[in-house]
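Enquirer: Protein chains in written order, with our numbering: chain A, 45 to 348; chain B, 333 to 699.
Glycine included, each C-beta is placed from N, C-alpha and C at the ideal position.
Keep in mind it's a predicted model, so treat the numbers as computed, not measured.
(1) CA-CA distance, residue 155 of chain A and residue 264 of chain A?
(2) Closer than 8 angstroms by C-beta to residue 411 of chain B: which residues in its own chain qualify, once you throw out the five before and the five after it? Chain order, please.
(3) Going by the CB atoms, is the gap between residue 697 of chain B and residue 615 of chain B shorter than 9 angstroms?
(4) What residue range does the beta strand (DSSP E) around residue 702 of chain B cover?
(5) Please compile the residues from chain B whose C-beta is within a distance smaller than 7 angstroms of the C-beta of residue 297 of chain A.
(6) Out of curiosity, what's the CA-to-CA distance linking residue 194 of chain A and residue 178 of chain A?
(7) Mind checking who residue 522 of chain B pairs with in its DSSP beta bridge?
(8) What do you get for residue 229 of chain A, buried or exposed, if any count of 16 or more other CB atoms within 10 angstroms of its CB means buried?
(9) Verify the CB distance criterion: does residue 482 of chain B have a CB-CB separation below 9 angstroms to chain A?
(10) Grab me the residues of residue 348 of chain B's own chain with a C-beta within less than 6 angstroms of its C-beta, minus the 5 sequence neighbours each way, in chain order.
(11) Nearest CA to the CA of residue 150 of chain A: which residue from A:162, A:161, A:163 and A:134?
(12) So, for residue 301 of chain A: in the same chain, excluding its five sequence neighbours on each side, which residues have a beta-carbon less than 7 angstroms away from its beta-carbon?
(13) Using alpha carbons as the reference points, say which of B:594, B:361 and B:340 lies closest to residue 659 of chain B.
(14) On a CA-only basis, which of A:298, A:256 and A:247 is nearest residue 424 of chain B? Give me that one, please.
(15) Could you tell me which chain B residues have their CB closer than 7 angstroms to the CB of residue 254 of chain A, listed as they occur along the chain?
(16) Within 9 angstroms (strictly less), CB to CB, does residue 346 of chain A reach chain B?
(17) Looking only at C-alpha atoms, which of A:171, A:252 and A:256 sits nearest to residue 220 of chain A?
(18) For the ligand NAP, I want to know if residue 313 of chain A counts as a neighbour, meaning its beta carbon is within less than 8 angstroms of at least one of the ligand's heavy atoms.
(19) Report the three-state DSSP secondary structure of residue 428 of chain B (helix, strand or coil).
(20) Taking the alpha carbon of residue 421 of chain B as the reference point, which residue from A:242, A:291, A:323 and A:267 has its own alpha carbon closest?
(21) Assign residue 654 of chain B to one of three DSSP states: helix, strand, or coil.
(22) Is residue 246 of chain A close to chain B? Criterion is C-beta to C-beta, closer than 9 angstroms.
(23) How many Å lie between residue 90 of chain A and residue 305 of chain A at the Cα?
(24) Identify every run of the alpha helix (DSSP H) within the stretch 293 to 335 of chain A, keeping only runs that are complete inside it and at least 4 residues long; order them along the chain.
(25) So with CB distances below 7 angstroms, who are the chain A contacts of residue 354 of chain B?
(26) Do we get a CB-CB distance below 9 angstroms when we pair residue 141 of chain A with the residues of chain E?
(27) Name the DSSP bridge partner or partners of residue 623 of chain B?
(28) How is residue 468 of chain B classed by DSSP in three states: helix, strand or coil?
(29) Compute the distance between the beta-carbons of residue 641 of chain B and residue 359 of chain B, then report whether it is under 9 angstroms.
(30) Please give the ranges of any alpha helix (DSSP H) in the stretch 375 to 444 of chain B, keeping only runs that are unbroken, at least 4 residues long and fully inside the region.
(31) Thinking C-alpha only, which one of A:315, A:120, A:330 and A:160 is nearest residue 103 of chain A?
(32) In three-state terms, what does DSSP make of residue 591 of chain B?
(33) Relative to the alpha-carbon of residue 685 of chain B, which residue among B:647, B:628 and B:699 has its alpha-carbon at the smallest distance?
(34) For residue 370 of chain B and residue 523 of chain B, what's the separation of their Cα atoms in angstroms?
(35) To the nearest angstrom, how far is the alpha carbon of residue 331 of chain A from that of residue 338 of chain A?
(36) Starting from the Cα of residue 545 of chain B, find the closest Cα among B:375, B:689 and B:577 and give me that residue.
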């Protein structure tokens with residue numbers, strides 16, 4: 045006799061509610077918005093689905109293409125910086141003593157327990173002209189200036205401290221995006237590195253590899269699935285970021301999600317907003333499909 | 333074959349973890365070209381010692397000399413020794429050929445020569461033609477051969493093997509023992525193997541170091557280790573042994589007389605030692621060296637005891653009889669070949685039996 049959980053009825057009873065939920069609250073609304081992307085505005089609030097492609101044509105205007113390009117650039121830079129910053133963090137956690145590992149992992153996850161809005165405002169307090177980064181730099185500048193004056197080199201550091209402009213520009217957006225998305229990079233990397241058999245690293249060293257060669261030829265290739273998952277988990281949400289460029293960015297650092305938000309709210313142009321949203325989604329799916337094709341080609345090459 | 337010329341000289345080697353000494357002031361010479369085994373119970377420090385020779389652990393004190401040069405401070409990737417790991421540590425993301433060629437490739441050997449030498453090494457471990465396979469397409473035994481080839485291709489001065497057979501099933505283990513010995517013979521490289529399995533060490537090694545609690549208790553060829561253990565630990569660890577406590581009555585001209593309160597007469601053993609009279613000592617006597625009979629053995633030159641069979645362990649080719657010779661002392665184990673079928677067993681529970689062994693059997697140990 046089959047165990048009770050193998051019974052078809054159990055499968056349907058347990059499977060139906062989530063399926064209905066996804067259908068009713070995800071797929072159907074998404075389908076409605078998809079239909080909106082083929083609609084024309086009628087009056088102030090009305091619209092009619094006419095099957096027009098005008099919204100998509102408008103989205104391909106150089107003005108919007110540039111913003112798409114900028115979004116990809118910001119998301120790409122965020123992914124690269126997160127990877128470079130996250131890899132040592134993940135390695136440090138893996139190689140930490142078992143007693144400290146849960147604590148360090150907790151520290152990585154801890155920011156999730158705070159609202160994104162609050163974290164972003166806190167970042168403003170750190171980065172602004174009268175913020176903590178500039179306070180610290182000014183303090184260092186004053187000590188340096190005083191020290192240089194003592195040894196007879198007054199004024200080498202300039203007449204007065206020039207605060208760094210860290211906020212309301214593209215750098216601020218990337219800093220903010222990296223800050224928000226770093227845990228999404230560290231956790232998959234940690235999972236990949238934690239599974240890695242230490243004796244593989246020892247074997248590479250034993251066979252004469254330098255630490256760097258062992259890292260390059262053994263650790264990175266074996267952590268590759270983690271690198272890919274981390275990159276996807278960072279790149280896709282970063283691409284659709286809305287709050288970070290809104291609060292930290294300057295006038296020319298808005299991303300595509302800011303434009304979409306404006307269509308739905310300020311401009312009240314739902315069809316165009318829907319077209320932009322779906323264009324972003326198509327591009328994301330395209331990037332994922334490309335990755336899948338590339339990785340299949342890679343494993344086919346390895347097997348052959 | 334081994335000569336007296338040591339390739340590795342270890343002096344006062346110590347590794348401490350906090351207050352615990354995993355390896356405690358070990359002195360050891362390993363000779364050029366020999367098959368050397370580090371044998372001991374788990375946690376005795378044998379793997380730590382091997383990893384210090386490899387350079388994977390740095391000693392807390394003492395020196396390791398390789399061909400006369402102090403390598404104690406040389407990092408792992410600069411030492412001309414290579415290791416076969418217990419888990420084999422075959423790189424899962426590389427083909428067999430790339431695994432074997434790894435050490436050559438990163439040393440800057442040309443692609444052509446790397447390929448050539450890697451294929452040679454694969455042929456040496458009987459894996460010719462497996463170069464294109466992925467490690468996950470290999471059995472455990474084949475992965476181990478890849479690990480062996482990968483280490484041997486570097487032509488190390490010493491090959492270190494950490495429990496190389498422990499992950500294989502019993503049949504394959506027997507076969508690999510023989511193959512490792514033949515391989516070592518043909519390449520002529522010094523092998524140092526770590527094992528907790530005494531039959532593995534006895535069957536493969538030219539010499540064995542028995543370790544316990546971070547210290548080397550005895551270094552000797554297998555037969556010497558078995559027949560002339562240096563102390564009770566080694567006697568008890570290698571094979572099975574009866575340890576009977578007594579006092580040295582006399583020790584002179586290669587004859588030791590030991591009076592044991594549990595035996596009817598002093599035991600006479602032919603052994604070249606000098607023990608002071610009255611020293612507490614132990615007779616170490618292997619079970620298969622004792623004769624067991626119903627009637628007293630009459631030739632008058634043998635050592636004698638008598639008792640009652642209390643337990644019998646049937647092991648197929650032999651049976652072990654546990655004989656009580658005195659109350660409140662350990663039973664004496666006597667093993668006897670089952671020449672007849674068991675239905676006609678010579679002795680049974682409760683039988684009064686006589687035990688005898690000659691002065692050439694067993695040794696007297698004072699520690």
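Expert: Concretely, from the data shown:
(1) 27 angstroms
(2) 386, 387, 398 and 403
(3) yes
(4) Nothing in the structure corresponds to residue 702 of chain B, since chain B is present only between 333 and 699.
(5) None at all; the shortest Cβ gap to chain B is about 40 angstroms.
(6) 24 angstroms
(7) B:490
(8) buried
(9) yes
(10) 392
(11) A:134
(12) 284, 285 and 286
(13) B:594
(14) A:247
(15) 409
(16) Low confidence applies to residue 346 of chain A: its pLDDT is 49, below 50, so where it sits in the model is not reliable enough to give any reading.
(17) A:171
(18) In the structure shown, the ligand NAP is absent, as is every other ligand, since no ligand is present at all.
(19) helix
(20) A:242
(21) strand
(22) yes
(23) 19 angstroms
(24) 300 to 308
(25) By Cβ distance, chain A contributes nothing, its closest Cβ being about 17 angstroms from residue 354 of chain B, past 7 angstroms.
(26) No chain E is present in this structure, whose protein chains are A and B.
(27) B:688
(28) helix
(29) no
(30) 378 to 386 and 428 to 437
(31) A:315
(32) strand
(33) B:628
(34) 11 angstroms
(35) 10 angstroms
(36) B:375
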